[in-house]
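All the letters of the sequence shown, read from the start, carry residue numbers 1 to 68 under this note's numbering. Here a beta-carbon is modelled for each residue, glycine too, at the ideal position from N, C-alpha and C. Reading through the structure tokens given below for one structure.
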Amino acid sequence: LVQLATRTRHLRDEGLDEGASTRMLVHAALLVRAGLTPHDAALQAIAEPLSDDADVLAALRALVRATF
């Protein structure tokens with residue numbers, strides 16, 4: 001999760017207003033603890049909340065796939 005957050009923070013200059021926050025990471029970790037896979041938790045708690053732009057969201061989803 002930390003690696004994914006770091007990668008999203010590097011995308012701030014590439015179209016994201018902000019990278020994954022600590023709060024998003026904690027939420028993703030809680031989802032994993034509740035039984036979601038890290039991939040699904042990262043999509044739900046990190047990728048999808050970061051952007052509603054289709055192209056940016058596609059890039060974030062690809063980043064999640066590459067990480068998990």
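Ordered along the chain, which non-local residues of its own chain (more than five positions away) have a Cβ less than 8 Å from that of residue i?
{"i": "Ala28", "result": "Leu1, Pro38, Ala41, Ala42, Gln44, Ala45 and Ile46"}
So, is residue i buried or exposed, given that buried needs 16 or more other C-beta atoms within 10 angstroms?
{"i": "Thr22", "result": "exposed"}
{"i": "Thr6", "result": "exposed"}
{"i": "Ala20", "result": "buried"}
{"i": "Leu60", "result": "buried"}
Between residue i and chain D, is the shortest Cβ-Cβ distance under 8 Å, so that the two count as touching?
{"i": "Glu18", "result": "In the structure shown, chain D cannot be found, because there is only a single protein chain."}
Could you give the first and the last residue of the continuous alpha helix (DSSP H) run that contains residue i?
{"i": "Gln44", "result": "Here Gln44 belongs to no alpha helix (DSSP H), and DSSP marks it neither H nor E."}
{"i": "Asp37", "result": "Residue identity check: residue 37 is Thr in the sequence provided, not Asp. Thr37 -> no alpha helix (DSSP H), and no H or E assigned at all."}
{"i": "Leu60", "result": "Ala54 to Thr67"}
Below 7 Å CB to CB, which residues in the same chain sit around residue i once its five sequence neighbours on both sides are set aside?
{"i": "Val64", "result": "Leu4, His39, Ala42, Leu43 and Ala47"}
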